[in-house]
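**Student:**
In the numbering used here, the protein residues as written are 51 to 205.
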């Protein structure tokens, strides 16, 4: 099944111009949904260690074009279910990993130094942003990327 126009727009914001099927789009957001779960658990538990771990996962997504959760899908889940391949994370999606890394590190730092209320507020906002991406495939940080750098020329 091909993606709808609205899903195509949300994927294009993130730079995933080569995602053609709904199944592929579903697995592109798998990593984002697991990040949402990690940020949610870190906020609920007020755990600086979990937030720092999530920040490290974001660094991996920024540095290696795939997050550890992408690798989980590619090498553990995909062979079992015979799922579609997922593309490397393009620049707007890697920018989102950078924003997530900074945000998770700030949230973890707030928990570490005892500013729990600030940590909960930052964590709740991070949960909202990552939840939008993990559930609806809408990325706030990639939208910011598009506002700064614009859209590529269409051929």
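Ideal placement from N, C-alpha and C gives every residue a C-beta, glycine not left out. Keep in mind that this is a model prediction, so the values were computed, not measured.
Applying the 10 Å Cβ sphere with the 16-neighbour rule, what's the burial state of residue 73?
**Tutor:** With fewer than 16 other Cβ atoms within 10 Å, it is exposed.
**Student:** On the criterion of 16 or more Cβ atoms from any shown chain inside 10 Å, does residue 205 qualify as buried, or is it exposed?
**Tutor:** No answer about residue 205 holds up, because its pLDDT of 42 lies below 50 and its placement is not dependable.
**Student:** I'd like the span of the alpha helix (DSSP H) that includes residue 87, first residue to last.
**Tutor:** Where residue 87 is concerned, the enclosing alpha helix (DSSP H) stretches over 80–95.
**Student:** Just to confirm before moving on: does the CB-CB distance between residue 153 and residue 176 stay below 8 Å?
**Tutor:** Yes, the Cβ-Cβ distance between residue 153 and residue 176 is below 8 Å.
**Student:** Buried or exposed: which applies to residue 157, given that a residue is buried once 16 or more other Cβ atoms fall within 10 Å of its Cβ?
**Tutor:** Residue 157 should be labelled buried.
**Student:** Which residue from 115, 138, 87 and 144 puts its Cα closest to that of residue 69?
**Tutor:** Ranking 115, 138, 87 and 144 by Cα distance to residue 69 puts 138 first.
**Student:** Check the C-beta distance from residue 49 over to residue 65 and give it rounded, since I have them as a contact under 8 Å.
**Tutor:** The shown model of the chain, from 51 to 205, leaves out residue 49, and the question about it has no answer.
**Student:** For the alpha helix (DSSP H) containing residue 153, name the first residue and the last one.
**Tutor:** Here the alpha helix (DSSP H) through residue 153 covers 141–162.
**Student:** Taking C-alpha atoms, which residue in 80, 54, 148 and 53 lies nearest to residue 182?
**Tutor:** For the residues 80, 54, 148 and 53, the minimum Cα distance to residue 182 belongs to 80.
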